[in-house]
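Please read the structure below before turning to the comments.
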Amino acid sequence: MYVAVKGGERAIENAHAWLAEERRGNTDIAELSIAQIREQLSLAVNRVMAEGSLYDPDLAALAIKQARGDLIEAIFLIRAYRTTLPRFGASEPLDTGIMACDRRISATFKDLPGGQVLGPTFDYTHRLLNFKLAADGEVTKAPSRDAETGNVPHVTEFLNREGLMEEAPHDDTPPPDLTREPLEMPADRALRLQALTRADEGFTLGLAYSTQRGYGRNHAFVGELRIGSVPVEMDIPELGFAVEIGEVILTECETVNQFTGSKTEPPQFTRGYGLVFGQTERKAISMALVDRALRWEELGEDNVGAPAQDAEFVLYHADNIQATGFLEHIKLPHYVDFQSELELVRKLRREAGAQQVQEAAE
Amino acid sequence: MQANTLSGGFADPAIGSAHAFRSVMEAMARPGTIQDIEGAAPPAPLSPAMGAVLLTLCDTETPIYLAGDMDCEAARAWLAFHTGAPFVGPAHCMFAVGKWDALAPLAVYPIGTSEYPDRSATLIVECSEFAAGATLTGPGIKDQATLSLPEVEAFQVNRTLFPLGLDFIFTCGERLAALPRSTKVS
Amino acid sequence: MTEYNFAYLDEQTKRMIRRAILKGLAIPGYQVPFASREMPMPYGWGTGGVQVSAAVLTPKDTFKVIDQGADDTTNAVSIRTFFQRTAGVATTTTTSDATVIQTRHRIPEEPLHEGQILVYQVPIPEPLRFLEPRESETRKMHSLEEYGLMHVKLYEDISRHGHIATSYAYPVKVEGRYVMDPSPIPKFDNPKLGDMAAIQLFGAGREQRIYALPPYTQVVSLDFEDHPFEASKADHPCGMCGATDSYLDELIIDDAGGRMFVCSDTDYCEVRQAAGHKRKDAA
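Just so you know, the sequences run in chain order H, W and U. Residues 1 to 362 in this note's numbering are what the first sequence lists, from first letter to last. Residues 1001 to 1186 in this note's numbering are what the second sequence lists, from first letter to last. Residues 2001 to 2283 in this note's numbering are what the third sequence lists, from first letter to last.
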C-alpha cells in the first residue's frame, strides 16, 4: 500500500541540525574563531570578498566558517547578505596610482621607478610540505622598512609616453551597475570588467589559460602587477568635498599585449586590465587576459571563434552563484517533467515496435 | 519646506505600498475594473490615488514628467521628499502625471523599442469621475468591459503600436482604473 | 524576523519588480528584463518566483506553495516557511483558499478563480533558447516575430517520431504575438493557461526575466493542422482517489517494479478522498 510522503518540514529541520553538528566537527578540537580565519586563511577570505562583491574581511571569515570552508557557498552567503544592504552612495573612483604597494612587479622591465617589490608571494617557494608547520606555526619576524608613500607610476604610462601604448582616454561616464540592472548585450568594457571582477576564479583562469594556448591568443605580458591598499573617498554633499572613509586592499594587473595594427590603428601595444578585491593575483591576471580577449571587436581584430572572445558566453557563465544554483537545482524533484517524458518515450517505442512488426509481416 | 511636504506618505511604507500595488496590478490586469487605493495624502492637486500610485512605483530610478497644473511647487516638493524621483520632460519620462488635456500630445512619450517594448512611459491621468463609457476588449477582459475614457481615438492609435505603446492609469479620489496598450477600445 | 523588511526584499527592489510586473501584464508573453537580486536560496530553486511573490504579497494574503503539484515537497516547504517568517502571511494547502499560489512545474487541477494569483518559478524563460543560445539573437527574433525556427524544430520531431517530442515546457503563443515558455509544466497543463480567471506571473531569477498573462488571455499551444496539440497524461485513474482527469505521478511500489499512479496535485487528491472518492489501492 502506498502512503504519500509527508514530513518535508521535519526532514529539513533535522538536516539543518545535522549540518550544524558536522560544521562544528569533533568538539574535543578547539573551535575556529572568526579572527583566526581572517588572519590565517586570508587568501580564502580575499576570494570570498572578491567574488561576493563585498569588502568586509570579518563577514567573509564568518561566511567561510558557516560554509564549512566551501568557498562558493561562502560567496553565496555574502552575496545574499550584500543584496539587502541599503546604498548610501558611490565612492569616488579609486586611484591605484597612490597605492601603498606590498607587492609590485613588472615582467616587461628589469627595473623601474619605484622598484620591483616581491612582497609576500608563493612564487619562489619550493612547494614542499612544511611538516614543521604541523607542530608549530610560529614565525620569526620578517625584515621590514617603511612603505614608500606618494605616487607610484604605472608601467604602462612609460610606454604611453613613447606612443607605443594604446591610448586609454579618461572617461567620467558612470559605469552601469551589474547588481542593479539586468545584464544586457552587447556589454561595454566597463560592464564586462564589472562582471569579470566578481567572476568565478576557476572559470576565469580556465578561459585565460585557453587564450595562452591559442584559443584567441593575444600574447600577454604582465606589464605590472601591484597589490596594496588604496584609500576610498566619498563625496559628502553636506560638506561639499570628498572625505576618506577607509581603505581597501586591491590587486591590479595591467597586461601589455602585442597588437599588429588594424585598418585604423598602427602597430602598438594594447592593454588588458584586472582589478580585484584583496590579494587575489591569479584572478587579477586571469581577468586581464580575458578582458583583452573580449576586446577584439573594438580593436578591429578577427573573431576566431574562441570561447574567451565570446562576451555572451563568458558573461552569462562566469558567475559561480548563478552557475552553482542552476547546476544543483537538478537535485530538486522533477518527477512531473520526467513522467511526461516517460509517457512520451513509451508511446514512441510502442509505435516503433508496432511499425517493426508490420514491416516484418510485409 | 511646507509641513505637508513631509507628511502624507504611507504610514507603514512596506505594507502600504504592498496593498496599493495590488490595486494597481489588479487594475492593469483587468482593464475597466475600478479599484480602491488608499494610504496616501498628498498635497493638491495630486489626488490620494495619484499619490499612492506614485509612492508605490516611483523612486530615484524613475524620471517623472509633471504636466500642466501638476507641475507645481507643492507636488514637486512632496514627490522629491517621498520618492526622490528626478523631474524630466515628456520625452524622457517613465511616468507622466497630469490631466488628460495637459498630457497631450501623446506622440512625444517613449513607446519602447521593438526589442525592448517595456522601455515605454506610463501615463497616470487624473480624472474627475469614473463612469461607463467606451467598450474594452482584450487580455484581462472576460468578454467585454466598459470604462469612461477622455477620448477613444488616442487609445485606438496606441493599440495599433502594440507591442509598443503607452500604458495608462486613471486616478480619481481614492480609486483607480487602468488601460494597458493591449486593450482594444471602441 | 525584525532584521529584514516585510517580505524580505527592500522597498526599492520591490518597486523595480512591481514595475516589471505591470509591464509584463501590459505586454502579455513578453519577457521583461529585471535586475534580479541574490536571494537567500540558490538560483534555480525558485528565486524568480520568490521575488515575484515578495513583490505581490500583502499581510492579508493566504499563501500556498507547490512543487510538482505537491505542498509537502521539501523545496515547497522551504519557500512557504520563508514567507511565513518574512511576511507573516497565512498559509494553506487548499487551492481554493489561497490568494497567492507559487508553483513549480504544475498548474493546480482545480480551476482558479478571480482574485487569485499564480506565480510560476521559471528556470529558462526563453522558449527559443535551445534553438539559439544567444540572447542578442533570440531578442531580435521576438522583435521581428520570427518564430520559423521553432516550427521547424517541432516539425522535425514529427517527421522523425511521428509526434512532437516535447512533453513539458511546451511553447505557446500569447494573443497571437509572443511565443512564450510556460515553464516546465507538463503539456497536460497547457490548456489551463489560456482564459484563466486568475493572474499568472512568471519569474526567472537567474535569467533576470519577468513575464505575465492577465486573466482571460488567449494562449495557444504551438501545433500544425495535421498534427494538432494534444494534452496527454498516463492512461490510468488515480490509485488513491480514482480521478481520471488529473495529472498523475508514477510510483514504483515494490522490488518487482510494481507501479501505481497517483495525482500529482496532492490537494486535489485529498479533497476528493475526503469527499468519499476512494480506489481499491487506497487505505
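Cβ atoms here follow ideal geometry from the backbone N, Cα and C, with glycine treated the same way. Quantities reported herein were computed from a predicted structural model and do not represent experimental measurements.
For residue 1130 (chain W), decide whether its Cβ has a neighbour in chain U, counting only Cβ atoms nearer than 7 Å.
Here residue 1130 (chain W) corresponds to residue number 130 of the second sequence, with the count starting at 1. Cβ-Cβ to chain U under 7 Å: no for residue 1130 (chain W).
With 16 as the cutoff for other CB atoms within 10 Å, does residue 65 (chain H) come out buried or exposed?
Walking along the first sequence from the start, residue 65 (chain H) turns up at place 65. Flag for residue 65 (chain H) reads buried.
Validate contact between the region 2191-2208 of chain U and the region 2114-2131 of chain U using beta carbons, cut 8 Å, 3 pairs:
yes
What residues from the region 39-54 of chain H come within 7 Å of chain U, judged by C-beta to C-beta, listed N to C?
none
Residues near residue 1155 (chain W) by beta carbon distance below 8 Å, same chain, minus five either side
In the second sequence, counting from the first residue as 1, residue 1155 (chain W) sits at position 155. Answer for residue 1155 (chain W): 1134, 1149, 1168, 1179, 1183 and 1185, listed in chain order.
Cβ neighbour criterion (16 or more within 10 Å) applied to residue 10 (chain H)
Numbered from 1 along the first sequence, position 10 holds the residue referred to as residue 10 (chain H). Classification of residue 10 (chain H): exposed, given that the 10 Å Cβ count is below 16.
Grab the span of the alpha helix (DSSP H) containing residue 65 (chain H) for me, first residue to last.
Numbered from its first residue, the first sequence carries residue 65 (chain H) at position 65. Unbroken alpha helix (DSSP H) run through residue 65 (chain H): 57-66.
8 Å Cβ cut-off: residues of chain H touching residue 2038 (chain U)
Within the third sequence, numbered from 1, the residue matching residue 2038 (chain U) stands at position 38. Neighbours of residue 2038 (chain U) on chain H, chain order: 76, 79, 80, 82, 83 and 321.
Measure the C-alpha to C-alpha separation of residue 159 (chain H) and residue 266 (chain H) and round it to an integer number of angstroms.
The residue labelled residue 159 (chain H) in the question sits at position 159 within the first sequence. The residue labelled residue 266 (chain H) in the question sits at position 266 within the first sequence. C-alpha separation (whole angstroms): 15 Å.
Quick one: which chain H residues come within Cβ less than 7 Å of residue 2167 (chain U)?
Taking the first residue of the third sequence as position 1, residue 2167 (chain U) is located at position 167. Here the neighbours are 340, 341, 343 and 344.
Looking at the secondary structure, which residues open and close the alpha helix (DSSP H) in which residue 1146 (chain W) lies?
For this step, residue 1146 (chain W) is matched to residue 146 along the second sequence. Note, residue 1146 (chain W): premise wrong, no alpha helix (DSSP H); beta strand (DSSP E) at 1145-1147.
Quick check on residue 16 (chain H) - is its C-beta less than 7 Å from some C-beta in chain U?
Here residue 16 (chain H) refers to the residue found at position 16 when the first sequence is read from its first residue. So no, residue 16 (chain H) is outside the interface.
Return no unless some Cβ of chain U is closer than 7 Å to the Cβ of residue 1174 (chain W).
Within the second sequence, the letter at position 174 stands for residue 1174 (chain W). So no, residue 1174 (chain W) is outside the interface.
Contacting positions in the region 1152-1184 of chain W - beta carbon closer than 7 Å to chain U:
1163, 1167, 1180, 1181 and 1182
Please compile the residues from chain U whose C-beta is within a distance smaller than 7 Å of the C-beta of residue 180 (chain H).
Here residue 180 (chain H) refers to the residue found at position 180 when the first sequence is read from its first residue. Within 7 Å Cβ-Cβ: 2035.
Below 8 Å between beta carbons is the criterion; list the residues of the region 2001-2020 of chain U that meet it against any residue of chain W, in chain order.
2005, 2006, 2007, 2011, 2012, 2014, 2015, 2016, 2018, 2019 and 2020
Residues of chain U with CB under 7 Å from residue 297 (chain H), in chain order?
In the first sequence, the residue the question calls residue 297 (chain H) occupies position 297. Per Cβ cutoff of 7 Å: no residues; residue 297 (chain H) is ~13 Å from chain U at best.
Using C-beta distances below 6 Å, list every residue in its chain close to residue 2064 (chain U), excluding the 5 sequence neighbours before and after it, in chain order.
Here residue 2064 (chain U) corresponds to residue number 64 of the third sequence, with the count starting at 1. Excluding sequence neighbours, residue 2064 (chain U) sits near 2092, 2098 and 2101.
C-alpha gap between residue 1071 (chain W) and residue 2034 (chain U), whole angstroms:
The residue you call residue 1071 (chain W) lines up with position 71 of the second sequence. The residue you call residue 2034 (chain U) lines up with position 34 of the third sequence. Cα to Cα, residue 1071 (chain W) sits roughly 30 Å from residue 2034 (chain U).
Quick one: is residue 2098 (chain U) near chain W, going by C-beta distance under 7 Å?
What you label residue 2098 (chain U) is simply residue 98 of the third sequence in a count that begins at 1. No, residue 2098 (chain U) does not count as interfacial toward chain W.
At the level of alpha carbons, what is the spacing between residue 1120 (chain W) and residue 297 (chain H)?
Walking along the second sequence from the start, residue 1120 (chain W) turns up at place 120. Walking along the first sequence from the start, residue 297 (chain H) turns up at place 297. The alpha-carbon atoms of residue 1120 (chain W) and residue 297 (chain H) are separated by roughly 31 Å.
Taking Cβ-Cβ distances shorter than 9 Å, what residues in chain U pair up with residue 1017 (chain W)?
One-based indexing of the second sequence puts residue 1017 (chain W) at position 17. Within chain U, the residues near residue 1017 (chain W) are 2011, 2014, 2015 and 2018.
Where do the ends of the alpha helix (DSSP H) carrying residue 1048 (chain W) lie?
As a first step, residue 1048 (chain W) is located in the second sequence; it is residue number 48 there, counting from the start. From DSSP, the alpha helix (DSSP H) with residue 1048 (chain W) extends over 1048-1057.
Keeping to the same chain, check which residues put their C-beta closer than 7 Å to that of residue 1081 (chain W); ignore five residues upstream and five downstream.
Your numbering for residue 1081 (chain W) matches position 81 in the second sequence. Excluding residues within five positions, the ones whose Cβ falls inside 7 Å are 1005 and 1006.
Would you say residue 1099 (chain W) reaches chain U, if we count a Cβ-Cβ gap shorter than 7 Å as a contact?
Against the second sequence, residue 1099 (chain W) aligns to sequence position 99. So no, residue 1099 (chain W) is outside the interface.
For the 8 Å Cβ check, are there 3 or more pairs between the region 2142-2153 of chain U and the region 2172-2182 of chain U?
yes
How would you call residue 208 (chain H), buried or exposed, if buried means at least 16 neighbouring beta carbons within 10 angstroms?
As a working note, residue 208 (chain H) is residue 208 in the first sequence. Residue 208 (chain H) should be labelled buried.
As a quick exercise: from H:183, H:155 and H:189, pick the residue whose alpha carbon is nearest that of residue 171 (chain H).
Against the first sequence, residue 171 (chain H) aligns to sequence position 171. It is H:189.
Under 6 Å Cβ to Cβ from residue 2213 (chain U), same chain only, skipping five residues before and after it: list those, please.
Here residue 2213 (chain U) corresponds to residue number 213 of the third sequence, with the count starting at 1. Once the five neighbours on either side are set aside, the close Cβ partners of residue 2213 (chain U) are 2028 and 2200.
Sequence-distant residues of the same chain with beta carbon closer than 6 Å to residue 57 (chain H), five excluded per side
For the purposes of this step, residue 57 (chain H) is taken as the residue at position 57 of the first sequence. Correct list, in chain order: 38 and 45.
Residue burial classification, residue 340 (chain H) (beta-carbon count within 10 angstroms, cutoff 16)
In the first sequence, counting from the first residue as 1, residue 340 (chain H) sits at position 340. Label assigned to residue 340 (chain H): buried.
When Cβ atoms are compared, which residues of the region 2161-2188 of chain U fall closer than 8 Å to chain H?
2161, 2162, 2163, 2165, 2167, 2168, 2169, 2184, 2185, 2186, 2187 and 2188
Using a cut-off of 8 Å between C-beta atoms, extract the partners of residue 2192 (chain U) located in chain W.
What you label residue 2192 (chain U) is simply residue 192 of the third sequence in a count that begins at 1. Within 8 Å Cβ-Cβ: nothing; residue 2192 (chain U) doesn't reach chain W, min ~16 Å.
Out of U:2210, U:2110, U:2112 and U:2243, point me to the one whose CA is closest to residue 2051 (chain U)'s CA.
Counting from one through the third sequence, the residue named residue 2051 (chain U) turns up at place 51. Taking only the C-alpha atoms, the option nearest residue 2051 (chain U) is U:2210.
Please state the DSSP three-state secondary structure of residue 2086 (chain U).
Position 86 of the third sequence, counting from 1, holds the residue named residue 2086 (chain U). Note: residue 2086 (chain U) maps to helix in three-state DSSP.
Can you tell me where the beta strand (DSSP E) holding residue 274 (chain H) begins and where it ends?
On the first sequence, position 274 is the one that residue 274 (chain H) refers to. From DSSP, the beta strand (DSSP E) with residue 274 (chain H) extends over 268-277.
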